[in-house]
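Protein sequences appear in the order of chains A and B.
So in my numbering, spot 44 of the first sequence is number 44, and the numbers just go up one at a time.
Each position in the second sequence, counted from 1, maps to that position plus 126 in my numbering.
Backbone N, C-alpha and C fix where the C-beta goes; we use that ideal spot for every residue, glycine too.
There are 2 protein chains.
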Amino acid sequence: MKKELPRIADSEWRVMQVLWEHGPQTANDVVKALSDKVKWRPRTIKTLISRLVQKGAVKVTEKGYRYQYSSAVDESACIQSETKSFVRRVYQETMTPALAAFLEDADLSAQEIDELQEILDKKKGG
Amino acid sequence: MKKELPRIADSEWRVMQVLWEHGPQTANDVVKALSDKVKWRPRTIKTLISRLVQKGAVKVTEKGYRYQYSSAVDESACIQSETKSFVRRVYQETMTPALAAFLEDADLSAQEIDELQEILDKKKGG
DNA sequence: GGTAATATATTACACTTGTAGTCATCTGTC
DNA sequence: GACAGATGACTACAAGTGTAATATATTACC
Chain A
1 MKKELPRIAD SEWRVMQVLW EHGPQTANDV VKALSDKVKW RPRTIKTLIS
51 RLVQKGAVKV TEKGYRYQYS SAVDESACIQ SETKSFVRRV YQETMTPALA
101 AFLEDADLSA QEIDELQEIL DKKKGG
Chain B
127 MKKELPRIAD SEWRVMQVLW EHGPQTANDV VKALSDKVKW RPRTIKTLIS
177 RLVQKGAVKV TEKGYRYQYS SAVDESACIQ SETKSFVRRV YQETMTPALA
227 AFLEDADLSA QEIDELQEIL DKKKGG
């Protein structure tokens, strides 16, 4: 019973990432965590949180008279779904040449190369 | 003198891909090319083309009394810029997990896998 | 040269997003 | 228990998107 993932907008990703990284927290905690990364007013962040709650991406629990927010959707599921739709949109059929260009272009350590090769090996092996 | 790339919206990508794939063409050609891929009315596609022209992503030349449209921005530059902003948003700078996810997600033939592996081999050896 | 067909331009409209402001409420403090 | 300060709810508003419809201009054909 996989639940529909809500669409998470660009700015909302920043909030989700905070919630995924640290557990349940208050709006203020999120504001604090983001304060050195983005230049948004606290209100803006509150709005983003509310929208995420509406979308069902974040859940609220009352803790005393303050709310605590925590993510309601799985991080890797979101990343995967987002990646899939991105790949489909931008790369479409021509995935391989693009991937090739990317690999050529990327600045990878030997270890990272190994990791990627392992993925490919596994794919080939089936 | 690199020109600013306009932001291309999701649906607009479909149009750009047609223009990149086949050279200059009329609005109707684009409509025809897309007709089996999407369920948009021709008007909708015309609108998308107009917006792309406004944004400077597509240029118009008069051919007789019909317009011909062709892309005004480089495909790989767009792909690269789109990918960069995607990676920044979802993966936060770290390219390797993104690449890994791409590779996992991609539907690759054995031969394509070989090609990619060769690239990685060369990179490592280099 | 008038008319149907076709192409392009203008307009529409609701939803999402970025970026907040203002109003109402709860709570701890004196 | 009244009030200041913190917190959350409701409201705002323009730009961008998805998805077109209607109106106007151009042209090929008879």
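Can you check DSSP and say which residues form a bridge with W66 of chain A?
-> Walking along the first sequence from the start, residue 66 of chain A turns up at place 66. First, the amino acid is wrong: residue 66 of chain A is Arg here, not Trp. Note: R66 of chain A is bridge-paired with A:K63 in the DSSP secondary-structure output.
So V58 of chain A and S76 of chain A are in contact, right, with Cβ under 8 Å, and what is the actual spacing, rounded?
-> Position 58 of the first sequence holds residue 58 of chain A. Position 76 of the first sequence holds residue 76 of chain A. In fact, because the Cβ distance is near 17 Å, the residues do not count as touching under 8 Å.
Between A57 of chain A and chain B, is there a C-beta pair that is closer than 9 Å?
-> For the purposes of this step, residue 57 of chain A is taken as residue 57 along the first sequence, with counting starting at 1. Chain B, which has no Cβ nearer than 9 Å to the Cβ of A57 of chain A, makes this no.
Mind pulling the alpha helix (DSSP H) runs of 4 or more residues that sit fully within the region 150 to 177 of chain B?
-> Unbroken alpha helix (DSSP H) runs of no fewer than 4 residues, entirely contained in the region 150 to 177 of chain B, are found at 153 to 160, following chain order.
If we ignore side chains and look at the alpha-carbon of each, how far apart do L145 of chain B and S207 of chain B end up?
-> Within the second sequence, the letter at position 19 stands for residue 145 of chain B. Within the second sequence, the letter at position 81 stands for residue 207 of chain B. Take the alpha-carbon of L145 of chain B and the one of S207 of chain B: they are about 18 Å apart.
Would you say the beta carbon of Q17 of chain A comes nearer than 8 Å to a heavy atom of the ligand ATP?
-> Ligands are entirely absent from the displayed structure, and the ligand ATP is therefore not among its contents.
Within its chain, find whatever has a CB closer than 6 Å to the CB of P6 of chain A; leave out the 5 residues flanking it on each side and keep chain order.
-> Here residue 6 of chain A is taken as the residue at index 6 of the first sequence, counted from 1. Excluding residues within five positions, the ones whose Cβ falls inside 6 Å are K55, G56 and A57.
Can you find at least 3 beta carbon pairs, one from the region 102 to 117 of chain A and one from the region 32 to 51 of chain A, that sit closer than 8 Å?
-> No contact exists between the region 102 to 117 of chain A and the region 32 to 51 of chain A.
List the residues that DSSP assigns as beta-bridge partners of V58 of chain A.
-> The residue given as residue 58 of chain A occupies position 58 in the first sequence. Its beta-bridge partners are A:S71.
Ordered along the chain, which non-local residues of its own chain (more than five positions away) have a Cβ less than 8 Å from that of L34 of chain A?
-> Looking up residue 34 of chain A in the first sequence gives position 34. For L34 of chain A, where only same-chain residues beyond five positions count, the Cβ hits under 8 Å are R14, V15, V18, W40 and I45.
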